[in-house]
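Report on the following structure.
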Amino acid sequence: MMTRGDEITLSVERFGAEGKSVARVDGFVVFIPGGIPGDTVKARITRVSKNFADAQVLEVLVPSTLRTTPRCAYYGTCGGCSWQHLSYAGQCEFKRQQVADALERIGGFIGTTVLPTLGAENEYYYRNKMEFSFGVRWLTAEEMVRLKEQERPATPADQFALGLHIPRRFDRVLDLRECHLQSLESAAIVNAVRDFAVAKELTIYSTFTHTGYLRNLVIRETRHTDQRMVNIVTSEERPALMDEFRAMLLERFPSTTTIVNNITERKSQVALGDREIVLHGPGWITERIGSRSYRVSANSFFQTNTLQAERLYDAVRQYAALKPHATVFDLYSGTGTIALHVADDAGQVIGVEAVASAVDDARRNAEMHGVTNCRFVLGDLKDRVLDRTAETELQVKPDVVICDPPRAGMHPGVVASIRALAPARIVYVSCNPATQARDLKLLCDEGLYDLRESQPVDMFPHTNHVENVALLTIHGGI
Ligand SMILES: C[S@@+](CC[C@H](N)C(=O)[O-])C[C@H]1O[C@@H](n2cnc3c(N)ncnc32)[C@H](O)[C@@H]1O
157 MMTRGDEITL SVERFGAEGK SVARVDGFVV FIPGGIPGDT VKARITRVSK
207 NFADAQVLEV LVPSTLRTTP RCAYYGTCGG CSWQHLSYAG QCEFKRQQVA
257 DALERIGGFI GTTVLPTLGA ENEYYYRNKM EFSFGVRWLT AEEMVRLKEQ
307 ERPATPADQF ALGLHIPRRF DRVLDLRECH LQSLESAAIV NAVRDFAVAK
357 ELTIYSTFTH TGYLRNLVIR ETRHTDQRMV NIVTSEERPA LMDEFRAMLL
407 ERFPSTTTIV NNITERKSQV ALGDREIVLH GPGWITERIG SRSYRVSANS
457 FFQTNTLQAE RLYDAVRQYA ALKPHATVFD LYSGTGTIAL HVADDAGQVI
507 GVEAVASAVD DARRNAEMHG VTNCRFVLGD LKDRVLDRTA ETELQVKPDV
557 VICDPPRAGM HPGVVASIRA LAPARIVYVS CNPATQARDL KLLCDEGLYD
607 LRESQPVDMF PHTNHVENVA LLTIHGGI
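Take the sequence shown: its letters are residues 157 to 634, numbered as in the numbering used here.
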């Protein structure tokens, strides 16, 4: 019997759901963050529950051949790139396995072909968007020692942080001075904004007291067009201060093409504004995926890894196998990127999306390219807009449905609507293998569809996240 505090030797067997590594002691599962399959580690048991235990690595006794040295100074504290200690080839293979496991365990699909993960050429500096939080600073052990040595209490500046949330600590932020996910200039902007905020003695919004001013800093950068958006999210409007903010940014970072201030009084921690004030430039940036450019505003969803998005969309296009007169529904269409990527292959494409600004962007994107066979409908798919869209507004049935829902997957009503439409092919793009497997099972219920194949794509190197494209064809179809 294992108890908390025990120190034991463990052999790490595999990665389980959400990238947690798993060892077993007499069949009993022990989750061991930071372990890699093939490692033998000395570990301390930190929690024991009925069906499993959690353990912490104390020492790697025999390293896995897949182990490598993390590049980032914040590795282990930040939680952002928790697979940096795993070789990139290992990451890609474990992502493939994660998809295969979810399909088998949750979806009940045995022996489905899951192709090797399409890995990224740029393992670092790949994100076109980073969302930083203003918050109470997470003091590292060294910082606490330093304060103690200086025999003084922490000042507001010591407690001020702009960076990323500490894992499982929504109330504490790691003050980030560098990050290998976005450009070096992005990190320099974070540091400049922090200096500005501290010098002006600006307050941080608290989700406990709902007071304070600064909430988030969101930086979007393009890969192909050399544009940058800085979006500062605050709890209220302060025009004079924002004039100074804009002047500071443009003086130090003249290549910033647009600056916006989003204002939100929402109590939750989301970097979305209820109102937006454009401080500089057009209020959006333009990025290219494949042969087309897209207009992206502050609150629109846009794939965060531009180069991998191209590969993802190519996989979608290949699975959709469109014929020139085909009607396609692109559900959860965001700024219309998938719709426009496949538009040249199809007769018509109809996108459905719940966020109005994304629909506006999608319509403008189509217009900008002179694409006349794409239409974008504003609507919440959970409200069964698809039924109304099919029966009243559009009077068409799709030959192919492409869907790309958020992590939570599709509402059962949406699955029912798609089944009722009975397209010949469904191409399901997902960033969550578990909800995807659940929805695929529902779509295939009673043998209506067959799951043909699936293609994982690595959009987020050094994390355990995986994007997967699955192809369903109607039973008896091709
Ligand atoms: C994962 S993103 C995909 C966007 C797009 N396909 C792309 O590749 O950029 C999911 C999109 O679904 C939209 N969305 C979320 N829930 C929705 C709903 N219930 N009805 C319609 N759209 C929704 C979000 O606003 C977001 O744009």
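Using N, Cα and C, we set each Cβ at its ideal position, and we do this for glycine too.
Since this is a predicted model, take the numbers as computed values, not measurements.
Query, Result
"For E249, the nearest candidate out of Q611, D606 and T629 (CA to CA)", "Q611"
"Straight-line Cα distance separating V204 from K198", "17 angstroms"
"Residue range of the beta strand (DSSP E) that includes H525", "H525 -> no beta strand (DSSP E), and no H or E assigned at all."
"Three-state secondary structure (DSSP) of M286", "strand"
"Heavy atom of ligand 1 within 8 angstroms of F485 beta-carbon", "no"
"contact_flag[the segment 317-331, the segment 400-409] where n(CB pairs < 8 angstroms) is 3 or more", "no"
"Bridge partners - V329, DSSP secondary structure assignment", "R293 and H321"
"Own chain partners of E255 with C-beta closer than 7 angstroms, once the 5 adjacent residues on each side are dropped", "Checking the displayed sequence, the identity of residue 255 turns out to be Val instead of Glu. V270, P589, S610, P612, V622 and N624."
"V472 beta carbon less than 9 angstroms from that of D555", "no"
"In chain order, each beta strand (DSSP E) run of at least 3 residues that lies wholly inside the segment 188-243", "196-204 and 208-218"
"Assigned exposure category for V186 - 16 Cβ within 10 Å defines buried", "buried"
"Cut-off 7 angstroms between Cβ atoms - residues of its own chain near R444, not counting five sequence neighbours on either side", "H380 and T381"
"For H497, the nearest candidate out of D606, Y469 and T359 (CA to CA)", "Y469"
"C587: CB within 8 angstroms of a non-hydrogen atom of ligand 1", "yes"
"Cβ-based burial, L214 [other Cβ within 10 Å; buried from 16]", "exposed"
"Identity of the residues DSSP links to V505 by a beta bridge", "V484 and C530"
"Sequence-distant residues of its chain with Cβ nearer than 8 angstroms to F208 (five each side left out)", "F184, V185, V186 and F187"
"Opening and closing residue of the beta strand (DSSP E) in which S586 lies", "R581 to S586"
"Selection from R431, V541 and R350 that minimises the alpha carbon distance to N455", "R431"
"Distance cut-off 8 angstroms: A471 Cβ against heavy atoms of ligand 1", "no"
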